[in-house]
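Asker: Mapping of the sequence shown onto mature numbering (1 follows the signal peptide of the UniProt record, and there is no 0): residues -21 to -1, 1 to 166, in sequence order.
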Amino acid sequence: MVKKVVLFVFVSLFVFSGAYAMNLSSSDMERFITTTEALAPYFDELDDDRDDDDDDDDEEEDDIGILDVESTKQLILEDMSGKPEVRNIVGSNGYASMEDYAEQYAHIIRAYIASSARGQIGELESSMASMSPEQRQSFQGSPVFQMVSEMKIQLASVPESHIQAITPYMPQLQEVFGHDDDEDDFL
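And the structure:
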């Protein structure tokens, strides 16, 4: 009996941990990019609304919160699923539901941020290595260092397969997400 319970627990953990991960094929990426480009006016409207509502204290938390799949998925669903035009665009591009699109959006933007932030974090770590011990200690006590440390922890949980899946599509994703290489969007 104990063996059956232990086996059930391991099988359940394997199945449920796999449910959290998402496979991203090239057709998924192309469908996502096409859909998100079609939704650009609605995302622009959402950004404008959020800019009006933002206060500076919450901005750091929002930047790190985008790395949480469930939070991002809920944000998309809350802000966009009530619009029939959005649901029509999502459905006409082959998604079974807004939930499916929102989940894929959350995984892809998370992988995009992880891929983009890797270089910036590497540069920061190189800069820290060249600091004097006093400068490094002072920097390590700063809020920026704390935010970067938290981000590194969250980025470590992004599946490498997701980063590899989005890599060929980085130019299109930069366009879709409105990222300019000259901007420091993530750090």
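By construction, the Cβ of each residue, glycine as well, lies at the ideal position given by its N, Cα and C atoms.
Being a predicted model, the structure only gives us computed values, none of them experimental.
For a test of the three-state rule: what should DSSP assign to residue 248, helix, strand or coil?
Answerer: Residue numbering for the chain in the displayed model covers -21 to 166; residue 248 lies beyond these limits and cannot be assessed.
Asker: Take the Cβ of E146 as the centre, count every other Cβ of all protein chains shown within 10 Å, and call the residue buried at 16 or more, exposed below.
Answerer: Note on identity: in this sequence residue 146 is Thr, with Glu being the wrong assignment. Exposed is the call here.
Asker: Is it buried or exposed, A81, if we count other Cβ atoms within 10 angstroms and call 16 or more buried?
Answerer: So A81 ends up on the buried side.
Asker: Using C-beta distances below 7 Å, list every residue in its chain close to A93, excluding the 5 sequence neighbours before and after it, in chain order.
Answerer: Closer than 7 Å at Cβ, skipping near neighbours: L134, V137, I142.
Asker: Less than 8 Å between the beta carbons of M59 and Y91, yes or no?
Answerer: Not closer than 8 Å, so no.
Asker: Which residues in the same chain have their Cβ closer than 7 Å to the Cβ of G151, if we skip the five residues on either side of it in sequence?
Answerer: Per the sequence shown, the amino acid found at residue 151 is Gln instead of Gly. Answer for Q151: I12, listed in chain order.
Asker: Do you know how far the Cα of Q119 is from the Cα of M110?
Answerer: About 11 Å.
Asker: Distance, Cα to Cα, M8 vs M77?
Answerer: Between M8 and M77, the C-alpha separation is close to 16 Å.
Asker: Given this structure, state the Cα-to-Cα distance separating residue 168 from R89, to the nearest angstrom.
Answerer: There is no way to answer for residue 168, as the model of the chain reaches only from -21 to 166.
Asker: Buried or exposed: where does Y148 fall if 16 or more other Cβ atoms within 10 Å of its Cβ makes it buried?
Answerer: Result: buried.
Asker: Taking the alpha carbon of R10 as the reference point, which residue from S105, D79, R97, S140 has its own alpha carbon closest?
Answerer: Of the listed residues, the one whose Cα sits closest to R10 is D79.
Asker: Using the Cβ count rule (16 or more neighbours within 10 Å means buried), how would you classify I68?
Answerer: Burial call: buried.
Asker: Can you tell me where the alpha helix (DSSP H) with L152 in it begins and where it stops?
Answerer: Where L152 is concerned, the enclosing alpha helix (DSSP H) stretches over 149 to 156.
Asker: I'd like the span of the alpha helix (DSSP H) that includes G120, first residue to last.
Answerer: Segment: none, G120 is in no alpha helix (DSSP H) and carries neither H nor E.
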